[in-house]
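Q:
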Amino acid sequence: VCFVSFVSITLLIYLIKTRTPVHLRSYAIMLFLCVSFLCLPNRFVVFASRIISLGTDGILCVLYGPCHYFNCPPAICFCLYSLLLNGFTYYNIQMTASFSYRYYVLRHSSPSIRTTVVMNLIMATPTTI
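In the numbering used here, the protein residues as written are 1 to 129.
Below, the structure is given as structure tokens:
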């Protein structure tokens with residue numbers, strides 16, 4: 001399943017880069033960012049972990065998968081898991097922005113590429129904090 005996902009995402013990135021019409025270039029930037037952040041969870045699938053709630057006492061992070069089997073320090077595995085969650089969050093924000101962009105273009109002219117890039121950087125700020 002991961003191989004099929006990787007191949008289809010690679011094909012989609014290629015099509016976005018080579019087949020996007022000129023008047024949709026700003027939207028292609030949003031699609032490219034969305035697809036590239038979708039690739040992030042596929043790359044970090046080896047850092048499997050589960051967060052278990054201990055009630056009011058805190059949480060427990062159980063690491064398994066290749067990250068655990070290669071004896072990586074737990075701090076590195078946890079940081080990589082945090083990046084995975086960042087990718088999921090940004091992907092959801094980006095999908096919402098893509099729908100909003102399409103609605104905006106129906107009523108107004110298409111924004112410039114620079115405006116689209118700046119807005120995507122602003123949207124990425126909450127997930128990186």
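All residues carry an ideal CB built from backbone N, CA and C; glycine is no exception.
Which whole-angstrom value is the C-beta distance of Y27 and Y101, which I expect to be below 8 Å?
A: 6 Å
Q: Out of T116, Y91, G65, V62, point me to the one whose CA is closest to T127's CA.
A: Y91
Q: Do N86 and L33 have their C-beta atoms closer together than 8 Å?
A: no
Q: Can you name the start and end residues of the alpha helix (DSSP H) that S49 belongs to?
A: In the DSSP assignment, S49 falls outside any alpha helix (DSSP H) and within the unbroken beta strand (DSSP E) covering 49-53.
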